[in-house]
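Numbering (full-length UniProt numbering), first residue to last: 1 to 157.
Beta carbons are placed, not taken as given, at the ideal position from N, Cα and C, and that holds for glycine.
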């Protein structure tokens, strides 16, 4: 399952069962795939909480290889800036969003985070190497500080 999760995590679009099996074969993680082995893999995948299965609406009865799969991660499938801002705005507390949880479901998030930070839409807490926490930024709290006050503060500190 780890290889399937890694494959789906890197995708931005839902993938079909055959795409997943083909990727496992191509990467050398599945040799001589029999029909029963493929069916078991896909059956287990359908019951994963971090993977969303979407049934094929054109079929009345789903087959083992019908429908698509999308990696949700712990945060429920945030894959773009709009989804991230929506998630942060919907939070009822000021508890931070953990960067590693966001990165798990959206590996390509770094460029979007940098852009949102430049636009003053998010605030990040970082250590020397990486981002740790993400908060939504409240533009109503942004005020300019007079230079005289800044100079007085520098003398005190």
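Query, Result
"In the DSSP assignment, find the alpha helix (DSSP H) that holds residue 6 and state where it starts and stops.", "2-9"
"Can you check the segment 45-116 for any beta strand (DSSP E) of at least 3 residues that lies completely inside it and give the ranges in chain order?", "51-54, 68-71"
"With which residues is residue 125 paired in a DSSP beta bridge?", "133"
"Between which two residues does the alpha helix (DSSP H) holding residue 156 run?", "147-156"
"Closest by CA to residue 88, which one among 36, 137, 31?", "137"
"How long is the line joining the alpha carbons of residue 126 and residue 56, rounded to whole angstroms?", "43 Å"
"Compute the Euclidean distance between the alpha carbons of residue 41 and residue 83, then round it to the nearest angstrom.", "30 Å"
"Near residue 14, what residues of its chain come up, given a Cβ to Cβ distance below 7 Å and the 5 sequence neighbours on each side ignored?", "54, 68, 69, 70"
"Would you call the segment 127-134 and the segment 99-111 touching, i.e. three or more CB-CB distances under 8 Å?", "yes"
"Within the present structure, is the beta-carbon of residue 126 separated from the nearest heavy atom of the ligand MG by less than 8 Å?", "With respect to the ligand MG, the structure offers nothing, as it holds no ligand at all."
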